[in-house]
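Enquirer: Numbering (the numbering used here), first residue to last: 397 to 568. Every residue, glycine too, gets a C-beta built ideally from N, C-alpha and C. This structure is in structure tokens; I'll ask about it shortly.
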């Protein structure tokens with residue numbers, strides 16, 4: 397189900413059919429380095445992860461991460477979306493791409509569409525975004541999107557400190 401469209405992307409909800417792609421994405425070097433190893437080793441692991449996270453969140457909140465397909469080739473290239481984490485006060489924007497599609501403007505394009513959904517479809521007034529201090533590309537993208545650094549946080553017990561950025565949507 398397509399939820400948004402940009403110049404180069406189709407943005408749609410994930411389904412269990414996307415488990416092979418999701419398995420590939422979460423095992424890319426940058427996902428593991430910047431987001432963390434989800435210990436997904438099989439398509440069945442990815443199906444369970446999607447069922448208990450993404451698909452469940454669609455039912456509970458109406459949103460989660462979305463599948464990004466490049467329009468011309470209909471190739472799935474990454475994900476961008478919104479997640480409500482218990483550890484954060486605000487809904488969190490996130491994004492990740494297969495290695496061949498990083499640094500080509502897809503993150504900005506997808507995030508702008510997701511920000512519009514957050515405001516217009518879900519009535520969110522503020523979004524958060526968290527990233528590792530070493531993730532220079534994510535920090536640059538968040539700043540380009542109008543997010544501002546707020547503070548360092550440690551939302552997950554075993555993880556290192558993250559940078560928390562925020563953006564007011566109701567002021568636009």
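Helix, strand or coil, according to DSSP, for residue 428 in the structure here?
Expert: DSSP places residue 428 in helix when its eight states are reduced to three.
Enquirer: What residue ranges within the segment 436 to 511 form continuous beta strand (DSSP E) runs of no fewer than 3 residues, ordered along the chain?
Expert: 461 to 466, 471 to 479, 487 to 493
Enquirer: For a quick check, are the C-beta atoms of residue 491 and residue 446 less than 8 Å apart?
Expert: no
Enquirer: If we count Cβ pairs, one from each stretch, closer than 8 Å, do we get three or more for the segment 555 to 567 versus the segment 525 to 540?
Expert: Yes, the segment 555 to 567 is in contact with the segment 525 to 540.
Enquirer: Going by the beta-carbon positions, is the gap between residue 400 and residue 509 smaller than 8 Å?
Expert: yes
Enquirer: Roughly how many whole angstroms lie between the Cα atoms of residue 437 and residue 414?
Expert: 15 Å
Enquirer: Taking 8 Å as the cut-off, decide whether the C-beta atoms of residue 459 and residue 518 are in contact.
Expert: Residue 459 places its beta carbon less than 8 Å from that of residue 518.
Enquirer: What does the alpha-carbon distance come out to for the pair residue 398 and residue 431?
Expert: Their Cα atoms are separated by approximately 26 Å.
Enquirer: Looking at C-alpha atoms only, which residue of 461, 425, 520, 484 is the closest neighbour of residue 566?
Expert: 520
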